[in-house]
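Visitor:
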């Protein structure tokens, strides 16, 4: 699968944090990062601007998955990709904005 906005392939990131093995998948066709855990889908959605920056628009974690670090895993995957691709981010999503503020030493340069 081809990522339409960067020419790179979609990919999976396996994260074994919190005793769970699950892959965060970049679904470029849907402009979002996805994590399926226990049959539930969590997402971090974005839009790509013409200047190449990513607007982080929404993070959704189903109630059954909350409190398990799922949103953080989605955020880390999205921000790691932005860095690897040389992109800036615009955190319109309140969760992403707070996450970047809390981890400013690690991700503040992306804003």
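Residue numbers (our numbering): 2 to 112. Using N, Cα and C, we set each Cβ at its ideal position, and we do this for glycine too.
1) In whole angstroms, what separates the C-alpha of residue 86 from that of residue 101?
2) Would you say the segment 62–75 touches the segment 105–112, given that touching needs at least three Cβ pairs under 8 Å?
3) Using a Cβ-Cβ cut-off of 7 Å (strictly less than) and excluding sequence neighbours within five positions of residue 40, which residues of its own chain qualify?
4) Which residue wins for smallest C-alpha separation from residue 46, given the options 24, 77, 94, 89?
5) Excluding five sequence neighbours on each side, which residues of the same chain lie with their C-beta closer than 8 Å to the C-beta of residue 58?
6) Following the continuous alpha helix (DSSP H) through residue 114, name the residue where it begins and the one where it ends.
7) Alpha carbon to alpha carbon, what distance is there between residue 23 and residue 99?
Guide: Checking against the coordinates, here is how it stands:
1) On the chain shown, residue 86 is found 85 positions in, with the first residue counted as 1. On the chain shown, residue 101 is found 100 positions in, with the first residue counted as 1. Per the coordinates, the alpha-carbon of residue 86 lies some 18 Å from the alpha-carbon of residue 101.
2) no
3) Indexing the chain shown from 1 puts residue 40 at position 39. Excluding residues within five positions, none has a Cβ falling inside 7 Å.
4) For this step, residue 46 is matched to residue 45 along the chain shown. Of the candidates 24, 77, 94, 89, the one whose C-alpha sits nearest the C-alpha of residue 46 is 94.
5) Residue numbering aside, residue 58 sits at position 57 when the chain shown is read from its first letter. Only 46, 47, 48, 93, 94 meet the Cβ criterion.
6) Given that the chain is displayed from residue 2 to residue 112, the structure contains no residue 114 and the question cannot be resolved.
7) Taking the first residue of the chain shown as position 1, residue 99 is located at position 98. Taking the first residue of the chain shown as position 1, residue 23 is located at position 22. Using only the alpha carbons, I get a separation of about 24 Å.
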